[in-house]
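Notes follow once the structure below has been shown.
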Amino acid sequence: MFTAAAWAIGLLIFFPILWTILTSFKTEAQAISDPPVFFFFDWTLENYSIVQERSDYMKYLWNSVIIAGGSTLLGVIVAIPAAWSMAFTPSKRTKDILLWMLSTKMLPAVGVLYPIYLLFIQLGLLDSRAGLVIVLMLINLPIIIWMLYTYFREIPGEILEAARMDGATLRDEILYVLTPMALPGIASTVLLNIILAWNEAFWTLNLTAAQAAPLTAFIASYSSPEGLFFAKLSAASTMAIAPILILGWFSQKQLVRGLTFGAINGKEASNEPPAKRGLAMVFQSYALYPHMTVRKNIAFPLRMAKLDKPEIDKRVDYAAQILNLTDYLDRRPGQLSGGQRQRVAIGRAIVREPAAFLFDEPLSNLDAALRVGMRMEISELHKRLATTMIYVTHDQVEAMTMADKIVVLHAGVIEQVGSPLELYRTPRNRFVAGFIGSPKMNFIEGSAAAKHGAHTIGIRPEHINVADSGGEWSGVVGVSEHLGSDTFFHVHETGLAETITVRADGEVGFKHGDSISLTPRAEMIHKFDAQGLRIGD
């Protein structure tokens, strides 16, 4: 049903083109007398000969090619920075401005052309092609900006942030990152604008040459004895659209293919641009440039720093060697696995030789096996480079296994700073205690906590002894998780409101529904007051 409807709509849209092409081969009498059907008796090429003999027409056709191409090129050059600013530095009025700009396309072409036509006559700009180039650029600029804005919004902001960290200026950002990534969209925009501008340019040339009101001149081309009649006009239109159809076919073939101070190494960096702060960032989404090879991705910040090619090659080869990327230097990011892409992102940071690395959840997009491998690689890299690494993560396993020092943040507030084992053994408050450790700490309130002189007590699953009877707490085994090296029991304790998680070594002979006795190791009980702060040492 939907396919049939699509075909019907397509044929309806195609009908004027087909009728125009067929009419161009009719005699003038047939074109005027026949209904708009596809049947006629005589084929004739006379209309094409007449059109070609009209030197004015061929001159207008050639001039329209130059004017349409010029206005398109100028429009795209002007529109790219405008669309960039709307996409990446948006204001509350961005959509209003876009809507206002696009509303001009709702005006009839004559309504847009005529006032600009009169203005340019007064300014004397219609004596050269430049005048019409500017006119058509202004007419079509809104739709160019809107289309580019739509394409640019699809580019991840992290990639542009990475380019700034790599030292790219606004010009570099647009020229080397934004434009190549949005090239299919820009090419589509160019093609559409050429189609619009070519049509507008051809008729505008006729209108301005007539030195008459555009609407009058347009009607005259159909009705005046000196003008073109339907058959000849159809031949002229067919000649005009042929280059567009060829260009469109060719293009389609090509296109489907929280800090308190800002000093780093004693140097104030708050007002420095990102690339001058001595920091290198590795993003969660990798922020690789998809149109560049691995070598070019890693070398990009060095190119922005204007380093000599031998020095660039030396640093890239060094980074590739320590990250095991030498065999992938000529591949693009799309040809790499997640772990390989992450190593490329790290390599791009390494070659800058920064004072510190910033990692923004770099392993969160990887599967479990890759995360383990990359944890070891980053830890080894840290020891080899002996450079500060600030690593942001929600994964406490990553924090515990990779950090020299952990900063636990909650709602923008630093809760505790210390080594992994400090946070594990002596958490400052209940939030830190619950964050560090897997499975997380059991928290118990009420009379069981009051016996230990606390509002809440915390006990880690691995610090609870299990037995058949005689323990401090007793309950029934609910879900049990057998991992081979460990067994986790989730116990419903009859005197407590909370379910208690227990971690036992190896295989333990308790199953669902069994009675079990639990005894927390007294020296491992953590005590917290009503505000959640730690009591005692």
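Add 1314 to a position in the sequence shown, counting from 1, and you land on the number used in this note's numbering. All residues carry an ideal CB built from backbone N, CA and C; glycine is no exception.
With a 10 Å radius around the Cβ and a threshold of 16 neighbouring Cβ atoms, L1474 comes out buried. With fewer than 16 other Cβ atoms inside 10 Å of its own Cβ, L1433 counts as exposed. Taking V1630 as the centre and dropping the five residues before and after it, the same chain places the C-beta of R1609, I1612, A1613, V1665 closer than 7 Å to its C-beta, in chain order.
Distances from the alpha-carbon of Q1635 to those of P1624, V1658, G1652, M1690 put V1658 closest. When the Cα atoms are used, T1740 and R1698 turn out to be separated by approximately 31 Å.
Per DSSP, D1681 is not a residue of any beta strand (DSSP E), being assigned neither H nor E. Residue pairing from DSSP leaves R1666 without any beta-bridge partner. Around the beta-carbon of P1676, 16 or more other beta-carbon atoms lie within 10 Å, marking it buried.
By the criterion of a C-beta distance shorter than 7 Å, V1711 is surrounded in its chain by S1752, once the five residues flanking it on both sides are discounted.
Taking the C-beta atoms as reference points, I1720 is found nearer than 8 Å to G1732. Cβ-Cβ distances below 7 Å link K1754 to G1748 in the same chain, with the five nearest sequence neighbours on each side left out; the list follows chain order. Secondary structure of F1803 (DSSP, three-state): strand. In the three-state DSSP reduction, S1399 falls in the helix class (H, G or I). In the three-state scheme derived from DSSP, where H, G and I count as helix and E and B as strand, V1822 is classed as coil. A1501 sits away from V1491, with the two beta carbons spaced by 8 Å or more. Counted as a single uninterrupted DSSP element, the beta strand (DSSP E) harbouring A1594 occupies residues 1593-1596. For secondary structure counted as the beta strand (DSSP E) over 3 or more consecutive residues, the region 1738-1789 holds these complete runs in sequence order: 1756-1759, 1770-1773, 1778-1781. Rounded to whole angstroms, Y1705 and D1782 show a C-alpha spacing of 44 Å. For M1479, the enclosing alpha helix (DSSP H) starts and ends at 1471-1479. With a cut-off of 8 Å on Cβ pairs, the region 1462-1472 is in contact with the region 1586-1606, counting three or more such pairs.
Contact annotation: T1503 and I1458 have beta-carbon atoms nearer than 8 Å.
In the DSSP annotation of this structure, the continuous segment of the alpha helix (DSSP H) that includes L1616 starts and ends at 1608-1618. Closest option to F1842, judged by alpha-carbon separation, among T1833, N1743, V1822: N1743. Distance from the CA atom of S1399 to the CA atom of W1357, rounded to whole angstroms, is 55 Å. H1708 sits in coil when the DSSP states are folded into three classes, being neither helix nor strand.
The three-state reading of DSSP puts T1341 in coil, since its state is none of H, G, I, E or B. Taking 8 Å as the cut-off, the beta carbon of N1779 is found no closer than this to the beta carbon of T1815.
Just so you know, the alpha carbons of I1660 and V1596 end up roughly 6 Å apart.
The Cβ-Cβ distance between D1819 and D1800 falls below 8 Å. As computed with DSSP, I1720 is found in a beta bridge with G1732. Here L1450 is not bridged, per DSSP, to any residue. Our two residues, T1334 and A1549, have alpha carbons roughly 8 Å apart in a direct line. In this model, P1456 and D1641 are separated by some 46 Å (Cα to Cα). With fewer than 16 other beta carbons inside 10 angstroms of its own, P1587 counts as exposed.
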